[in-house]
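Its first residue numbered -16, the sequence shown is counted upward by one per residue in the numbering used here.
For glycine and all other residues, C-beta sits at the position ideal for the given N, C-alpha and C.
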Amino acid sequence: MRLRKCYIDVNAPLAKCRRLLALVATSNEADAADGHADVLTDVLVYFHGFPDMAVHPTQDAFASRMPLKLADTWLAARGNSSAFVTFNFGGVPGSDHELRFTDKTISQEVNDAVAVCAFVKRELRAERVHVVGLSTGAIIASLLRGKQDVVDVASIAVIAGLLDLKRGIEYDFSPLQRMQFARDGACWKEFYLPTGCTTLPLNVELSLDGETKADAEVIASGETELPRKIFIRLDKPYFLECQDGTLDIEKAVTTSSAPLFLVIHGTGDQNVPFADGEALFAAAREPKTFVAIPNGNHLLSNSKHLKKAVNAILSHTTG
């Protein structure tokens, strides 16, 4: 597998324009990103969850297990005419030069997703673009189903998705964090840096305990390696937007121009309960498929569970 980092521009007339750190993976035999293939038949684009990242900000590598496994399996199955693309949403390290983590919202992430899919169509000359989202990435992927006027995707797969965002967004925030939103207009949101990361998030306030502000210079100089877990200030608009009905997943997944829709959910998911996946599938318009992963947790940490999910995605995108 060959990896190439690149940046993708997001033009946002009503928000801050930004550049996203992305990673393009191709097989060893053909690197379409460097122009060795005229056309890519199928490209899989992965949307990471929150708070998380997909691309290591300081290494030419994936930042987490899910995109690595997806890329390996996808390229092995689809061969030289395929590619795998993932990126860090705006505000996440590597994609935080223009937009701070503090100021991020899900609607901005939807714009990021549209821009990335357009990049894949335009720059990689992909015939078909398939998207797969995990957790909050599944929310973004679901919302794309209602944006076929601005984004052209052949299929959508969601892992650990949900239908009711107003209720579901509370899964991402503890009682303490919700209290901080109410009291301070912002909360300290936990964030995990990948192993070997040598840079902190840019232009944001940080905490080590989730309650008191810490000096970024002290954090950076205190150890030979940065701490894996930090807390970043996140302003309340991220939470409020999910509560005000602006982001309507039910409307998006029932659109008449819907592409293929695959819902994957672990029955043992303690972060987003299995019933949320069932509700999303029930509301979605055909064509749709539901795959339950018995005993699977939120991240499908068991290799057998992940393999079943990846095989379902491969079947879903064939044709």
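Spatial distance of residue i from residue j (CA atoms)
i, j, result
"A258", "A121", "15 angstroms"
"P177", "D43", "12 angstroms"
"L(-14)", "V68", "10 angstroms"
"A109", "D167", "46 angstroms"
"Q160", "V133", "35 angstroms"
"D79", "A295", "33 angstroms"
"S298", "C170", "41 angstroms"
"V115", "I202", "35 angstroms"
"S138", "D86", "30 angstroms"
"R48", "Q226", "31 angstroms"
"E106", "L3", "15 angstroms"
"T250", "K234", "25 angstroms"
"R128", "E200", "43 angstroms"
"V38", "F45", "5 angstroms"
"G151", "T88", "15 angstroms"
"G279", "L230", "28 angstroms"
"N11", "N(-6)", "33 angstroms"
"P220", "A165", "12 angstroms"
"Q131", "I215", "34 angstroms"
"S125", "V141", "7 angstroms"
"V293", "A275", "12 angstroms"
Buried or exposed (CB count within 10 angstroms, at least 16 for buried), residue i
i, result
"E92", "buried"
"Q163", "buried"
"N94", "buried"
"G228", "exposed"
"S284", "exposed"
"A16", "Only weak support exists for where A16 lies, its pLDDT of 46 falling under 50; the coordinates are left without a value."
"S204", "exposed"
"S286", "exposed"
"D198", "exposed"
"C100", "buried"
"A277", "The displayed chain sequence assigns Pro, not Ala, to residue 277. Exposed, by the Cβ-count rule."
"K172", "buried"
"V303", "The requested residue 303 does not occur in the structure, where the chain is confined to residues -16 to 302."
"P158", "exposed"
"D(-8)", "exposed"
Supposed close pair residue i, residue j - CB separation, criterion 8 angstroms
i, j, result
"A60", "A8", "So it is not a contact: roughly 13 angstroms between Cβ atoms."
"Y154", "V255", "6 angstroms"
"I213", "F174", "6 angstroms"
"G193", "S118", "So it is not a contact: roughly 20 angstroms between Cβ atoms."
"H281", "D252", "5 angstroms"
Within-8 angstroms CB hit, residue i to chain C
i, result
"P50", "In the displayed structure, chain C is absent; only one protein chain is listed."
key: Cβ contact (3+ pairs, closer than 8 angstroms) linking the segment 133 to 149 and the segment 255 to 275   = yes
key: Given 8 angstroms, three or more beta-carbon pairs between the segment 235 to 250 and the segment 268 to 283   = yes
request  = Mind the definition here: the segment 25 to 40 touches the segment 58 to 68 only if three or more C-beta pairs lie below 8 angstroms; say whether that holds.
outcome  = yes
ask   = Does the segment 173 to 188 come within contact of the segment 208 to 221, defined as at least 3 CB pairs closer than 8 angstroms?
value = yes
task = Would you mind listing the beta strand (DSSP E) stretches within the segment 130 to 163 that are 3+ residues and don't spill past its ends, in chain order?
result = 138 to 142
request  = Just list the alpha helix (DSSP H) runs in the segment 82 to 107, keeping only unbroken ones of 4 residues or longer that don't cross its boundaries, in chain order.
outcome  = 89 to 106
query = If you scan the segment 217 to 255 from start to end, which runs of the alpha helix (DSSP H) of 4 or more residues do you find wholly inside it?
reply = 220 to 226, 232 to 236
query = In the segment 39 to 82, which residue ranges form an unbroken alpha helix (DSSP H) of at least 4 residues, counting only runs that do not cross its ends?
reply = 48 to 61
ask   = What runs of the alpha helix (DSSP H), each 4 residues or longer, lie entirely inside the segment 256 to 297?
value = 257 to 266
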